[in-house]
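Undergrad:
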Amino acid sequence: MSGHSKWATTKHKKAVIDSRRAKLFAKLIKNIEVAARTGGGDLAGNPTLYDAVQKAKKSSVPNDNIDRAVKRGSGAEAGGADWQSITYEGYGPNGVAMLIECLTDNRNRAAADVRTAMTRNGGSLADPNSVAYLFHRKGVIVVNKEQDGKSYSEDDVMEAVLEAGADEVNDDGESFEVISEASDLVKVRTALQEAGIDYESADASFVPSMTVDLDADGAGKIFRLIDALEESDDVQNVYANFDVSDEVMEQVS
1 MSGHSKWATT KHKKAVIDSR RAKLFAKLIK NIEVAARTGG GDLAGNPTLY
51 DAVQKAKKSS VPNDNIDRAV KRGSGAEAGG ADWQSITYEG YGPNGVAMLI
101 ECLTDNRNRA AADVRTAMTR NGGSLADPNS VAYLFHRKGV IVVNKEQDGK
151 SYSEDDVMEA VLEAGADEVN DDGESFEVIS EASDLVKVRT ALQEAGIDYE
201 SADASFVPSM TVDLDADGAG KIFRLIDALE ESDDVQNVYA NFDVSDEVME
251 QVS
């Protein structure tokens, strides 16, 4: 789930992830397989695979599972599925624009899952390219403020990433969000590592160019829709252009 990034919505996302660890593991493994199939099994020469592996490790996916996924994806071990990427566009309650990324070995099942979740929760699918223009592909890196007893300021993070191509650093409460062009993601991530600053996640994400402010009722509806979409094993990421204040989020929690 990705709305306009705020600590409150990030907190909600973490709660959802914690309750669905098995599904999360499966999705992370799938990402590793696809990255290895696309760019090879060498982490040093495949930054997409490197980030997919790092994300899986940070989510406590066992190393054996990660290693097998790399081997399946690269062809070193049999058993890899023919994963296909599909992106659906639609609208949720209150006119919230949504992009739903799927990674599936069964296009019909994925389409049925997405359509069912949308129609049962106040959403509707839209024609291709009718929603995508509201989002831009960006590199998004999340950096926790507190790391191993150290506290990092916005200036600390900005100093580390500015020359690497970062566009902005946003304060999201418990963490900082570093935004860059998607093509600069690896350089910015590397600059953080060289500065001794760890990161929580580093992904090429869809960031909305405009957002819809939601009240407690609207936030509850969009969260239920996103939860329903993420119940599908085929849905990898859900992006939406909503914004929820901390005050409203407390009413929803």
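Following UniProt numbering, the numbering of the sequence shown begins with 1 at its first residue and continues without gaps. Just so it is clear, CB atoms sit at the ideal spot from N, CA and C, and this is done for glycine as well.
Do Gly-40 and Ser-85 have their beta-carbon atoms positioned less than 8 Å apart in this structure?
TA: Within the sequence shown, the letter at position 85 stands for residue 85. Within the sequence shown, the letter at position 40 stands for residue 40. Not a contact, by the Cβ cut-off of 8 Å.
Undergrad: Tyr-50 lies in the beta strand (DSSP E); which residues open and close that run?
TA: Translated into the one-based positions of the sequence shown, residue 50 becomes position 50. No beta strand (DSSP E) holds Tyr-50; the alpha helix (DSSP H) holding it covers 47–58.
Undergrad: Can the beta-carbon of Val-188 be found less than 8 Å from the beta-carbon of Ala-204?
TA: Your numbering for residue 188 matches position 188 in the sequence shown. Your numbering for residue 204 matches position 204 in the sequence shown. Against a cut-off of 8 Å, the Cβ pair of Ala-204 and Val-188 comes out as no contact.
Undergrad: Does DSSP classify Leu-24 as helix, strand or coil?
TA: Start at 1 with the first residue of the sequence shown, and residue 24 comes out as number 24. It is helical.
Undergrad: Relative to the alpha-carbon of Gly-92, which residue among Val-70, Lys-58, Trp-83, Thr-116 has its alpha-carbon at the smallest distance?
TA: Residue 92 sits at position 92 when you count from the first residue of the sequence shown. Considering only alpha carbons, the answer is Thr-116.
Undergrad: From Lys-55, Asp-213, Asp-233, Ala-132, pick the residue whose C-alpha is nearest to that of Asp-243; which is it?
TA: Here residue 243 is taken as the residue at index 243 of the sequence shown, counted from 1. Answer by Cα proximity: Asp-213.
Undergrad: Once DSSP output is grouped into helix, strand and coil, what is the label at Thr-211?
TA: Counting from 1 along the sequence shown, the entry for residue 211 is found at position 211. In this structure, Thr-211 counts as coil in the three-state DSSP scheme.
Undergrad: Glu-247: buried (16+ other C-beta within 10 angstroms of its C-beta) or exposed?
TA: Translated into the one-based positions of the sequence shown, residue 247 becomes position 247. Per the 10 Å Cβ criterion, exposed.
Undergrad: Should Glu-154 be labelled buried (16 or more other beta-carbon atoms within 10 Å of its own) or exposed?
TA: The residue labelled residue 154 in the question sits at position 154 within the sequence shown. Flag for Glu-154 reads exposed.
Undergrad: When DSSP labels each residue in this structure, what does Gly-165 get in the three-state scheme?
TA: On the sequence shown, position 165 is the one that residue 165 refers to. In this structure, Gly-165 counts as coil in the three-state DSSP scheme.
Undergrad: Which word fits Ser-183, buried or exposed, when buried means at least 16 other C-beta atoms lie within 10 angstroms of its C-beta?
TA: Your numbering for residue 183 matches position 183 in the sequence shown. Exposed: under 16 other Cβ atoms inside 10 Å.
Undergrad: Going by DSSP in three states, Asp-243 sits in which element: helix, strand or coil?
TA: Taking the first residue of the sequence shown as position 1, residue 243 is located at position 243. Looking at Asp-243 - three-state DSSP - the assignment turns out to be strand.
Undergrad: So for Asn-171, helix, strand or coil by DSSP?
TA: The sequence position of residue 171 within the sequence shown is 171, counting from 1. Asn is not the amino acid found at residue 171; the sequence shown has Asp there. Three-state result, Asp-171: strand.
Undergrad: Near Leu-43, which residues of its chain fall below 7 Å by C-beta distance, leaving aside the five closest residues on each side in sequence?
TA: Walking along the sequence shown from the start, residue 43 turns up at place 43. Same-chain partners within the cutoff: Leu-49, Tyr-50, Val-53.
Undergrad: Taking a contact to mean a Cβ-Cβ separation below 8 Å, would you say Tyr-88 touches Ile-141 in this structure?
TA: Within the sequence shown, numbered from 1, the residue matching residue 88 stands at position 88. Within the sequence shown, numbered from 1, the residue matching residue 141 stands at position 141. No, the pair does not count as a contact, with Cβ atoms beyond the cut-off.
Undergrad: Run the CB neighbour count on Glu-230, radius 10 Å, all protein chains shown included, and call it buried at 16 or more, exposed below.
TA: Here residue 230 refers to the residue found at position 230 when the sequence shown is read from its first residue. Under this definition Glu-230 is a buried residue.
Undergrad: Is Gln-251 near the ligand NAP, with its Cβ less than 7 Å from a heavy atom?
TA: By its list of ligands, the structure shown contains no ligand whatsoever, and the ligand NAP lies outside what it can speak to.
Undergrad: At which residues does the beta strand (DSSP E) containing Ala-78 begin and terminate?
TA: As a position in the sequence shown, residue 78 is number 78, starting the count at 1. Where Ala-78 is concerned, there is no enclosing beta strand (DSSP E), given that its DSSP letter is neither H nor E.
Undergrad: Candidates Arg-37, Ala-132, Ser-175: which alpha carbon is nearest Gln-147's?
TA: Numbered from 1 along the sequence shown, position 147 holds the residue referred to as residue 147. Nearest of Arg-37, Ala-132, Ser-175 to Gln-147, Cα basis: Ser-175.
Undergrad: Going by DSSP, name the residue or residues bridged to Arg-137.
TA: In the sequence shown, residue 137 corresponds to position 137, counting from 1. DSSP, once it has assigned bridges, lists Phe-206 as partnering Arg-137.
Undergrad: Report the start-end ranges of each alpha helix (DSSP H) in the stretch 82–156 that is 4 residues or longer and not cut off at the edges.
TA: Taking only runs of at least 4 residues, the alpha helix (DSSP H) segments lying wholly in the stretch 82–156 are 107–120.
Undergrad: Go to Gly-220, then tell me how far its alpha helix (DSSP H) extends in each direction, as first and last residue.
TA: Here residue 220 corresponds to residue number 220 of the sequence shown, with the count starting at 1. Residues 216–230.
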